[in-house]
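Colleague: Count along the sequence shown starting at 1, add 42, and that's the number in our numbering.
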Amino acid sequence: MKINNLILLLSCISSLSFSQTQQEVVDYFNSICRKSEYNDDGSGRLKKWNKDIFIYVKGKKIDYLMSELQSVINELNQIIDPIHIRITNDELKSNFTVFFGSHDDYKKILKYKDDLIDDNWGLATIYGYPNITYATLYVDIYRAKSVEAQKHLLREELTQCLGLMNDSYDYPESIFYQGWTETTKYAEIDKKIIKMLYNNE
Numbered sequence: 043m044k045i046n047n048l049i050l051l052l053s054c055i056s057s058l059s060f061s062q063t064q065q066e067v068v069d070y071f072n073s074i075c076r077k078s079e080y081n082d083d084g085s086g087r088l089k090k091w092n093k094d095i096f097i098y099v100k101g102k103k104i105d106y107l108m109s110e111l112q113s114v115i116n117e118l119n120q121i122i123d124p125i126h127i128r129i130t131n132d133e134l135k136s137n138f139t140v141f142f143g144s145h146d147d148y149k150k151i152l153k154y155k156d157d158l159i160d161d162n163w164g165l166a167t168i169y170g171y172p173n174i175t176y177a178t179l180y181v182d183i184y185r186a187k188s189v190e191a192q193k194h195l196l197r198e199e200l201t202q203c204l205g206l207m208n209d210s211y212d213y214p215e216s217i218f219y220q221g222w223t224e225t226t227k228y229a230e231i232d233k234k235i236i237k238m239l240y241n242n243e
């Protein structure tokens, strides 16, 4: 009888722990997906793509950044079910622009966000609601001097362009961490909230 009670107690503790963990994921999802680092209108509305993404790269196509871009795309395609992400050499076919270069050169592309571009080494911008129809990002390869910093910015801004537009101080290992890091991989909680947004998990 004592053994049965112990099993029941452990089962309850396990269930409680799981629900707390799930609640943390939901809270983080709401923090990252229902808010925006810039221009948050307070509505809490979700934004995401409902069609395949075709990325066109402009600027300096450095080998290690092109390789990292493909790696991030491969990871996201493993995480996300409904849509597929790929690089295209046809700008007219593209619905997503990635720019590697200086902030001054990027301002010629995105003319109305000069202050944000000046203040940031990377920037994600999305268009369309509730379905994102176009996105653009840049990585400043001159101010972000280290390879790891550039790779981090690429991963973070690309992921934010999927509709995960906010940063947070909650999880230092997360790609969405508000403080400066050079994280070049997704934390498990990052993968979970991406799945929640796209796969309804």
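We put the CB at the ideal spot given by N, CA and C, even for glycine.
#1: Alpha carbon to alpha carbon, what distance is there between Ile104 and Lys135?
#2: Rounding to the nearest angstrom, what Cα-Cα distance links Ile159 and Val181 in this structure?
#3: Look at the alpha carbon of Gln112 and the alpha carbon of Glu199, and state the distance between them as a whole number of angstroms.
#4: May I ask which residues mark the beginning and end of the alpha helix (DSSP H) holding Lys234?
#5: Between which two residues does the beta strand (DSSP E) holding Leu88 run?
#6: For the stretch 227–237 against the stretch 204–217, do three or more pairs of beta-carbon atoms, one drawn from each stretch, fall closer than 8 Å, so that the two count as touching?
#7: Using 8 Å as the cut-off, can you tell me whether the stretch 168–178 makes contact with the stretch 87–98, which would need three or more C-beta pairs spanning the two stretches below that distance?
#8: Measuring straight from C-alpha to C-alpha, what distance separates Phe96 and Glu110?
#9: Consult DSSP for Thr201 and reduce its assignment to one of helix, strand or coil.
#10: DSSP puts Ile97 in a beta bridge; with which residues?
Modeller: So, from the data block:
#1: Distance between the alpha carbons of Lys135 and Ile104 is about 22 Å.
#2: The alpha-carbon separation between Ile159 and Val181 amounts to approximately 10 Å.
#3: Spanning the two alpha carbons is a distance of roughly 14 Å.
#4: From DSSP, the alpha helix (DSSP H) with Lys234 extends over 230–241.
#5: No beta strand (DSSP E) contains Leu88, which DSSP labels as neither H nor E.
#6: With the cut-off at 8 Å, the stretch 227–237 and the stretch 204–217 touch.
#7: Inter-segment contact for the stretch 168–178 and the stretch 87–98 is present: three or more beta-carbon pairs are separated by less than 8 Å.
#8: Distance between the alpha carbons of Phe96 and Glu110: 16 Å.
#9: Residue state, collapsed to three classes: helix.
#10: Per DSSP, Ile129, Phe138.
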